[in-house]
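**Q** Quick note: the sequence shown uses the UniProt record's numbering, first residue 1, plus one each step. Structure in structure tokens, see below.
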Amino acid sequence: LGMRVVGGKMGPDGKLGAFVTHVIKEGPADLANIMEADQILEWDGSSLEDATFEEAQQILARSGDTVQLLVMHTRCVIKNFPICNVVY
Numbered sequence: 001l002g003m004r005v006v007g008g009k010m011g012p013d014g015k016l017g018a019f020v021t022h023v024i025k026e027g028p029a030d031l032a033n034i035m036e037a038d039q040i041l042e043w044d045g046s047s048l049e050d051a052t053f054e055e056a057q058q059i060l061a062r063s064g065d066t067v068q069l070l071v072m073h074t075r076c077v078i079k080n081f082p083i084c085n086v087v088y
């Protein structure tokens with residue numbers, strides 16, 4: 001998928017979540033405008049909000065080559081970017 005996601009990290013709201021820690025340039029995640037520090041809210045319909053590291057790893061391990069993601073772009077929390085209303 002061209003990105004590394006780590007669960008169990010503290011978000012700006014003080015809650016646990018899964019966040020993108022690395023994106024491979026020109027990979028699928030990069031081409032979908034996913035950036036480092038973006039929060040993955042759902043992975044193939046499973047919520048990653050409040051997920052511990054272990055829970056997130058279990059959810060990610062079940063996925064195949066194609067996944068459906070619900071992403072909150074971190075830059076949307078800071079500013080109102082045009083891409084903020086896009087759901088993947």
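Quick reminder that beta carbons are idealized off the backbone N, C-alpha and C, glycines included. These numbers come from a predicted model, not from an experiment.
1. Can you tell me whether DSSP reads residue 42 as helix, strand or coil?
2. Look at residue 53 and residue 17 and say whether their C-beta atoms are less than 8 Å apart.
3. Alpha carbons only, please: which of 36, 50 and 62 is nearest the one belonging to residue 3?
4. Enumerate in chain order the residues of its own chain whose CB-to-CB distance from residue 38 is below 6 Å, with the five nearest sequence positions on each side excluded.
5. How would you call residue 24, buried or exposed, if buried means at least 16 neighbouring beta carbons within 10 angstroms?
**A** On the basis of the coordinates in this document:
1. Position 42 of the sequence shown holds residue 42. Residue 42: strand per DSSP, three-state reduction.
2. The residue labelled residue 53 in the question sits at position 53 within the sequence shown. The residue labelled residue 17 in the question sits at position 17 within the sequence shown. No, they are not a contact pair.
3. Residue 3 sits at position 3 when you count from the first residue of the sequence shown. Residue 36 is the option with its Cα nearest to residue 3.
4. Here residue 38 corresponds to residue number 38 of the sequence shown, with the count starting at 1. Within the same chain, residue 38 has close Cβ partners 20, 71, 73 and 74.
5. As a first step, residue 24 is located in the sequence shown; it is residue number 24 there, counting from the start. The residue in question, residue 24, is exposed, as its Cβ has fewer than 16 Cβ neighbours within 10 Å.
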